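From first to last, the protein sequence lines are chains A, B and C.
Take 2 as the starting number for the first sequence in this note's numbering and just add one per residue.
Take 2 as the starting number for the second sequence in this note's numbering and just add one per residue.
Take 2 as the starting number for the third sequence in this note's numbering and just add one per residue.
Below is one structure, written out as structure tokens; comments come after it.
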Amino acid sequence: MKVFNDLADFSVDEISALLTLASRLDKHPEPEALRGKVLSLLFLSPSLRTLASFQAAMIRLGGGSFVISPDMSIHGLETRPGIVMDGVAAEHIREAVPVIASYGDAIGIRAFAERKSIEYDLAETEFHSMTSLIDKPWINMESAINHPCQSLADWKTMDDLKIPANGGKFVLSWAYHPKPLPLAVPCATLHMAAFRGMDVTVLRPAGFELPEAIMQKARAAAASSGGSIRETDDRSDAMEGAQVIYAKSWSSTKFYGDRNGDQNLRRELDHWCVDNPWFDDAAPDCRFMHCLPVRRGVVVSDRVLDGPRSVVIHEARNRMFAQMAVLHQMLGRKS
Amino acid sequence: MKVFNDLADFSVDEISALLTLASRLDKHPEPEALRGKVLSLLFLSPSLRTLASFQAAMIRLGGGSFVISPDMSIHGLETRPGIVMDGVAAEHIREAVPVIASYGDAIGIRAFAERKSIEYDLAETEFHSMTSLIDKPWINMESAINHPCQSLADWKTMDDLKIPANGGKFVLSWAYHPKPLPLAVPCATLHMAAFRGMDVTVLRPAGFELPEAIMQKARAAAASSGGSIRETDDRSDAMEGAQVIYAKSWSSTKFYGDRNGDQNLRRELDHWCVDNPWFDDAAPDCRFMHCLPVRRGVVVSDRVLDGPRSVVIHEARNRMFAQMAVLHQMLGRKS
Amino acid sequence: MKVFNDLADFSVDEISALLTLASRLDKHPEPEALRGKVLSLLFLSPSLRTLASFQAAMIRLGGGSFVISPDMSIHGLETRPGIVMDGVAAEHIREAVPVIASYGDAIGIRAFAERKSIEYDLAETEFHSMTSLIDKPWINMESAINHPCQSLADWKTMDDLKIPANGGKFVLSWAYHPKPLPLAVPCATLHMAAFRGMDVTVLRPAGFELPEAIMQKARAAAASSGGSIRETDDRSDAMEGAQVIYAKSWSSTKFYGDRNGDQNLRRELDHWCVDNPWFDDAAPDCRFMHCLPVRRGVVVSDRVLDGPRSVVIHEARNRMFAQMAVLHQMLGRKS
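Here it is, written out as structure tokens:
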């Protein structure tokens with residue numbers, strides 16, 4: 002594997018093989034697999050789970066990693082092409098990215114969306130401007146509209162919990178949050194559940210529809226895997242028979258990049274906090290999923306998050322094993 | 002070993018076994034002992050020695066660690082239960098701690114006292130709210146009133162220097178500092194010296210008495226080990242025949258959590274700076290100990306700190322070996 | 002090897018042996034060479050390449066490292082001797098440096114020049130006040146007037162590219178930058194090229210002459226290696242037949258430590274930006290070198306930096322292999 006950027010680049014069989022490897026590495030550690038191998042970790046956006054789980058993954062496989070982040074070493078990295086750098090920025094990504102990549106056997110990159118123009122972000126313009134500079138294997142650690150490591154971990158979590166693929170009912174629900182958040186997780190999650198062959202409902206208020214390009218990609222994945230996609234703003238309808246509710250807040254797409262427009266719409270929606278009544282018509286063992294971090298009492302109630310439905314810690318832990326499988330395929334000795 | 006939280010949880014024989022192991026690992030490295038093992042390091046309070054020595058310890062044993070700290074990845078971690086998180090904090094410890102723990106084979110946690118209420122801090126309320134969320138082996142890297150890693154290193158340092166246990170005279174002395182500092186080190190040190198069987202004198206000005214619960218715990222340890230405990234504000238009396246003076250500044254306990262009250266008391270006490278005359282009636286080879294960081298010319302004079310009495314670098318170095326022994330017992334393959 | 006502080010401490014044969022080792026470690030990894038060994042990394046000045054490349058180097062050799070930096074753990078480390086520490090600084094280098102060193106098998110230190118007095122900086126007064134506290138092997142990761150790791154990597158880069166040593170024409174050119182930058186890289190580079198036996202021209206505007214002590218040291222190196230040194234402010238003359246131009250901005254030495262004086266001089270010099278016309282009379286395959294970070298459109302034009310002359314990424318990557326060789330000689334088992 003040279004690039005891990007999007008689950009859509011793989012077949013369902015290839016995903017299954019990755020998940021089988023992830024489970025094997027959980028049960029049977031291989032502390033010699035990546036002996037002396039180095040993963041470069043470049044964070045242009047903040048991180049906790051990704052930062053910790055990738056470092057832990059490399060140690061467990063016998064290698065190691067180093068971290069470069071704006072907090073530590075990069076003050077105002079310039080990204081614009083053709084600029085005269087007489088301001089604050091002391092270094093351009095055109096040097097920084099290839100240099101950081103050159104010290105590793107692979108590199109992981111995180112850079113959130115700029116969130117000014119939805120077309121710009123959907124095209125992954127900024128992320129691509131960095132990954133095009135790399136001549137090593139690389140991993141998307143969250144870009145403007147994707148988060149394949151999270152999706153691979155979530156897929157594994159549903160497999161671990163024996164939540165059905167074909168025929169399984171998956172609700173991706175918008176939730177309230179005081180700030181407009183990136184589209185990466187909802188876009189990746191929608192595609193993942195569809196690609197797993199599930200019957201997926203996107204539950205969201207008006208103004209928060211996912212972009213049509215994302216819906217189309219998910220429909221194609223559903224078609225190939227025997228799943229289905231629908232959208233609604235009707236909670237009862239969405240939750241009927243649901244086996245999973247995956248909650249996540251995201252920016253208004255109607256007012257994308259327009260902070261005031263987004264706030265005016267969002268202000269009325271603070272009742273979109275997942276709580277016990279949401280589960281009235283769901284399957285009895287319906288699970289609550291979230292990628293974390295999550296705001297308690299805002300996105301979800303304490304009683305749901307602390308109750309038996311919640312599998313958020315399981316999801317977070319699976320990040321490590323999913324990424325170990327990716328790293329093992331990417332950097333392990335070929336037998 | 003599942004938990005390393007307090008020397009009082011161990012017998013003197015168990016401490017001795019740890020220190021023997023620490024010395025063995027110094028002389029005979031075991032770079033395979035913890036191959037592929039991961040230590041999660043969660044710092045909610047700043048650190049230099051602990052940060053460096055735990056990372057070095059894991060590398061020397063063949064494993065590794067990752068660090069999560071407020072500087073890096075955690076901006077306003079919420080600790081209050083039942084809160085609606087609509088402010089700055091993006092994540093609650095109820096998620097963050099179990100997730101960070103889930104990536105390691107063990108986790109070390111540092112969180113200083115809140116220093117509003119002495120009862121609250123003595124009960125380790127905040128620290129316990131975090132460690133109760135962990136289902137892995139864990140290590141106290143300094144809590145409101147404890148610092149077992151420092152105490153284990155200090156015990157080893159006195160053993161290394163052949164300072165007598167039973168019959169050894171140990172003075173724990175308050176020292177001046179412009180700011181009120183936590184009680185963790187003085188409380189842990191008092192108990193450690195008593196538990197080692199030494200004759201311990203707490204030398205402190207009025208208003209800086211250690212809490213009665215801490216004194217009682219130390220008296221019990223002294224009774225079981227053949228040591229003794231007394232308190233005084235008379236320096237000459239305290240220092241007579243002393244083989245060790247362990248200096249440390251701490252908050253007023255009379256004005257605990259009351260910054261103005263503490264300052265008014267403290268203001269008059271800047272002559273509590275350990276200097277040569279303090280040693281007039283001490284044993285000729287009386288040692289100077291301190292956990293570091295130490296303010297020169299404030300807590301102790303340059304000539305004492307740079308002179309032959311000072312063993313502060315020795316203590317700091319022993320942090321690494323003491324912690325290697327703890328990690329080896331916690332995570333090493335059982336034979 | 003106990004200390005790696007200055008290429009001048011080694012013979013040309015010793016440098017050659019290091020570079021041969023660096024190339025061997027690139028082609029034939031030795032992930033067991035430094036098993037369980039620890040490198041302490043102390044950064045008192047910011048870093049990206051050094052931070053990343055030393056961590057990667059230790060992982061590739063089977064050991065590891067930890068990082069202490071002002072961003073992370075050190076807030077106002079005191080450096081002045083004999084001071085009463087009643088201000089902000091909580092720790093003095095007299096404790097911090099030996100403690101940090103004590104956790105490693107070797108330590109790397111970075112501390113930029115104070116840039117108040119040129120005599121003070123040329124004497125490496127501040128750097129020496131730290132390294133004199135270390136009883137372990139140590140590495141200069143950039144001091145006031147030296148950067149031996151960069152120079153070793155640059156030497157290797159010229160060897161890799163078969164740029165002639167004796168008879169090779171090397172131009173070290175000042176370049177514009179909005180701020181006065183340290184002298185470390187130009188001083189180290191001048192000596193390195195001379196020591197490699199090249200014919201070196203220092204091209205710089207009036208007021209930016211390198212210090213006479215540095216010129217003398219370079220002349221001595223040139224004399225011993227069969228090279229030569231000259232200075233000019235005439236670009237055409239300097240560039241004639243050049244096989245390498247190494248661009249770097251540095252402080253005015255005439256107005257050293259005088260920010261206004263430096264700015265007045267510098268203001269008129271923004272045409273000192275390396276661009277295609279500079280190469281009119283150079284050798285056809287003349288290379289462009291720079292230690293990075295570099296400001297595009299300020300120090301060098303995009304077309305030079307993105308064109309075939311530029312070897313800046315190659316130089317940066319060689320940092321890792323050069324440092325692996327140093328670490329291998331310093332910490333490897335002697336056979």
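Positions of the beta carbon are idealized from the N, C-alpha and C atoms, including for glycine.
Source: prediction; values computed, not measured.
Beta bridge counterpart(s) of Phe289 of chain C as assigned by DSSP: C:Ile246, C:Ser311
Counted within 10 angstroms of its Cβ, other Cβ atoms place Gly63 of chain B as buried (16 or more) or exposed: buried
Among A:Val89, A:Gly88, A:Leu43, A:Glu92, nearest to Ile69 of chain A - alpha-carbon criterion: A:Leu43
Whether Pro149 of chain C touches Asn6 of chain C by CB criterion (8 Å): yes
Interfacial residues, the segment 83-95 of chain A to chain C, with Cβ spacing under 9 Å: Gly83, Ile84, Val85, Met86, Asp87, Gly88, Ala90, Ala91, Glu92, His93, Arg95
Interface partners of Ile1 of chain B on chain A, CB under 8 Å: In the structure as shown, chain B begins at 2 and stops at 336. Residue 1 of chain B is therefore absent and cannot be evaluated.
Minimum length 3: unbroken beta strand (DSSP E) runs contained in the segment 186-259 of chain B: 200-204, 229-233, 245-249
Under 8 Å between C-beta atoms of Cys287 of chain A and Arg267 of chain A: no
Given 8 Å, three or more beta-carbon pairs between the segment 181-196 of chain A and the segment 216-230 of chain A: yes
Within 8 Å, strictly: CB atoms of Leu8 of chain B and His192 of chain B: yes
Residues that Arg61 of chain B contacts on chain C, provided the C-beta gap is smaller than 7 Å: Gly37, Val39
Residues of its chain near Arg304 of chain C, where Cβ-Cβ distance is below 8 Å and the 5 sequence neighbours each way are ignored: Asp276, Asn277
C-beta contact flag for Phe11 of chain A and Ser41 of chain A at 8 Å: no
Contact set for His291 of chain B: own chain, Cβ-Cβ below 6 Å, skip 5 residues either direction: Ala248, Val313
Contact list for Ile69 of chain B against chain A, beta-carbon separation under 7 Å: Leu49, Ala53
Counted within 10 angstroms of its Cβ, other Cβ atoms place Arg334 of chain A as buried (16 or more) or exposed: exposed
is_contact[Pro138 of chain A, chain C] using C-beta, thresh 8 Å: no
Cα-Cα separation, Val4 of chain C to Asn147 of chain C: 14 Å
Chain B contact for Tyr104 of chain C (CB, 8 Å cutoff): yes
Assigned exposure category for Ser253 of chain B - 16 Cβ within 10 Å defines buried: buried
Beta-carbon neighbours of Gly65 of chain A, restricted to chain C and to distances below 7 Å: Ile60, Gly65
Any chain A beta carbon closer than 8 Å to Ala97 of chain B: yes
Within 8 Å, strictly: CB atoms of Lys157 of chain B and Ala323 of chain B: yes
Own chain, CB closer than 7 Å to Arg297 of chain C, minus 5 neighbours either side, in chain order: Asp303, Leu306
N- and C-terminal bounds of the alpha helix (DSSP H) containing Phe55 of chain C: 50-61
Endpoints, beta strand (DSSP E) assigned at Trp273 of chain B: Careful: Trp273 of chain B lies outside any beta strand (DSSP E) and carries neither H nor E.
The segment 43-56 of chain B in contact with the segment 97-116 of chain B per 3-pair CB rule at 8 Å: yes
Residues near Met2 of chain A by beta carbon distance below 8 Å, same chain, minus five either side: Pro138, Val327, Gln330, Met331
Reference Met337 of chain C, options C:Trp279, C:Pro82, C:Asp87, C:Asp200, closest by Cα: Outside the modelled stretch of chain C, which goes from 2 to 336, sits residue 337 of chain C, for which no answer is possible.
Residues that Gln56 of chain A contacts on chain B, provided the C-beta gap is smaller than 9 Å: Val39, Gly65, Ser66, Phe67, Val68, Tyr104
Endpoints, the alpha helix (DSSP H) within which Trp279 of chain C is located: Careful: Trp279 of chain C lies outside any alpha helix (DSSP H) and carries neither H nor E.
Collapsed DSSP secondary structure at Asn141 of chain B in the structure displayed: strand
Selection from C:Met159, C:Thr80, C:Ala91, C:Lys180 that minimises the alpha carbon distance to Thr126 of chain C: C:Thr80
7 Å Cβ cut-off: residues of chain C touching Ile101 of chain A: Ala53
Separation of Leu35 of chain A from Asp27 of chain C, as counted between CA atoms: 17 Å
Local Cβ density within 10 Å of Arg50 of chain A, reported as buried at 16 or more and exposed below that: buried
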